[in-house]
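Protein chains in written order, with my numbering: chain B, 1 to 20; chain U, 21 to 311.
C-beta: ideal position from N, C-alpha, C; glycine also.
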């Protein structure tokens with residue numbers, strides 16, 4: 001599923017601005 | 021009375037919502053009712069004002085992007101409003117469609133960050149996080165859009181513009197069919213008079229939904245959904261003590277939203293087939309094999 005949704009996957013994996 | 025841990029969850033979800041969405045209902049209502057010190061939104065009611073807005077608002081939004089928070093600019097290939105300028109040679113309906121796409125992409129990015137900040141979401145299987153966003157973002161997007169709408173039109177470009185409902189209806193088909201169902205939903209939804217704290221929990225409940233197709237670990241998602249829905253129920257009771265049927269009425273809106281998204285996906289599919297227009301890769305991913 002993550003393969004077919006590369007951008008969503010990337011957004012989910014990006015370090016969140018909230019974490020910093 | 022609400023248990024203390026529920027109060028903490030309400031605060032966490034409300035904070036995540038206020039932090040991640042550039043527009044919220046309180047801000048939108050101030051602009052729509054003219055109670056803000058900022059300049060009134062530029063009203064787009066025909067092709068001339070639309071073309072004028074493309075030039076002025078694009079510059080305005082871009083300036084804000086460069087000077088402001090980089091929160092929503094995670095996908096490097098998307099700069100809302102810039103798209104509108106680059107596509108100026110194309111016909112107005114198609115350009116408007118592209119502007120809508122840019123706004124949708126920006127909101128999907130914000131919704132992703134919001135979801136990640138909902139306690140428990142990031143502990144789910146990564147495939148399930150993708151599934152929940154794929155099926156939830158458009159329902160959430162139309163919920164948030166209602167905050168920017170009144171019966172006469174919709175705020176755009178971060179409150180810098182206001183497109184009239186009549187102008188949207190006057191576009192050629194199929195573009196003219198795009199927004200009217202959203203206005204009808206917004207009118208019914210806005211009559212519930214939710215505030216941003218209620219909306220934050222409702223949007224979290226939309227995303228954390230245990231019956232999306234293809235979930236790997238249904239019980240874990242259902243457990244998260246149950247927690248959020250309970251917190252939403254308790255929050256509505258304390259925040260709207262005189263409206264004891266608000267919770268069941270709000271749950272009914274979930275069915276309306278599903279129908280709205282199914283219709284919208286069909287319309288986008290039709291536009292893709294009949295119009296010479298492209299769909300943003302992120303939106304393509306979401307629509308592909310959706311329903």
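Using a Cβ cut-off of 8 Å, pull out every chain B residue sitting near residue i, in sequence order please.
| i | result |
| --- | --- |
| residue 230 of chain U | Correct list: empty, because the minimum Cβ distance to chain B is about 17 Å. |
| residue 305 of chain U | 4, 5, 6, 7 and 8 |
| residue 147 of chain U | 1 and 2 |
| residue 324 of chain U | Missing from the structure shown is residue 324 of chain U; chain U here goes from 21 to 311 and no further. |
| residue 150 of chain U | 1, 2, 5, 8, 9 and 12 |
| residue 132 of chain U | 8, 11 and 12 |
Tell me the rounded alpha-carbon separation between residue i and residue j.
| i | j | result |
| --- | --- | --- |
| residue 2 of chain B | residue 151 of chain U | 9 Å |
| residue 203 of chain U | residue 166 of chain U | 7 Å |
| residue 141 of chain U | residue 231 of chain U | 15 Å |
| residue 272 of chain U | residue 47 of chain U | 26 Å |
| residue 210 of chain U | residue 197 of chain U | 21 Å |
| residue 251 of chain U | residue 153 of chain U | 21 Å |
| residue 269 of chain U | residue 12 of chain B | 32 Å |
| residue 277 of chain U | residue 115 of chain U | 26 Å |
| residue 222 of chain U | residue 111 of chain U | 37 Å |
| residue 287 of chain U | residue 23 of chain U | 44 Å |
| residue 130 of chain U | residue 40 of chain U | 6 Å |
| residue 224 of chain U | residue 135 of chain U | 7 Å |
| residue 128 of chain U | residue 263 of chain U | 32 Å |
| residue 73 of chain U | residue 62 of chain U | 7 Å |
| residue 239 of chain U | residue 171 of chain U | 41 Å |
| residue 138 of chain U | residue 260 of chain U | 23 Å |
| residue 6 of chain U | residue 43 of chain U | A question about residue 6 of chain U goes unanswered here, because the residues of chain U that appear run from 21 up to 311. |
| residue 305 of chain U | residue 45 of chain U | 28 Å |
| residue 176 of chain U | residue 309 of chain U | 29 Å |
| residue 59 of chain U | residue 161 of chain U | 26 Å |
Per DSSP, what kind of secondary structure is residue i in: helix, strand or coil?
| i | result |
| --- | --- |
| residue 41 of chain U | coil |
| residue 62 of chain U | strand |
| residue 8 of chain B | helix |
| residue 232 of chain U | coil |
| residue 156 of chain U | helix |
| residue 217 of chain U | helix |
| residue 203 of chain U | helix |
| residue 196 of chain U | helix |
| residue 308 of chain U | coil |
| residue 262 of chain U | coil |
| residue 301 of chain U | helix |
| residue 247 of chain U | helix |
| residue 280 of chain U | helix |
| residue 126 of chain U | helix |
| residue 25 of chain U | helix |
| residue 76 of chain U | helix |
| residue 292 of chain U | helix |
| residue 55 of chain U | coil |
| residue 148 of chain U | helix |
| residue 165 of chain U | helix |
| residue 2 of chain B | coil |
According to DSSP, which residues form a beta bridge with residue i?
| i | result |
| --- | --- |
| residue 176 of chain U | U:181 |
| residue 170 of chain U | U:173 |
So with CB distances below 7 Å, who are the chain B contacts of residue i?
| i | result |
| --- | --- |
| residue 301 of chain U | 7 |
| residue 241 of chain U | Here the premise fails: no neighbours, minimum Cβ distance about 14 Å. |
Since residue i meets chain B, which of its residues come closer than 9 Å, beta carbon to beta carbon?
| i | result |
| --- | --- |
| residue 55 of chain U | Within 9 Å Cβ-Cβ: nothing; residue 55 of chain U doesn't reach chain B, min ~30 Å. |
| residue 153 of chain U | 5, 8, 11 and 12 |
Any heavy atom of the ligand COA within a distance shorter than 7 Å of the CB on residue i?
| i | result |
| --- | --- |
| residue 59 of chain U | Because no ligand of any kind appears in the structure shown, any question about the ligand COA cannot be addressed here. |
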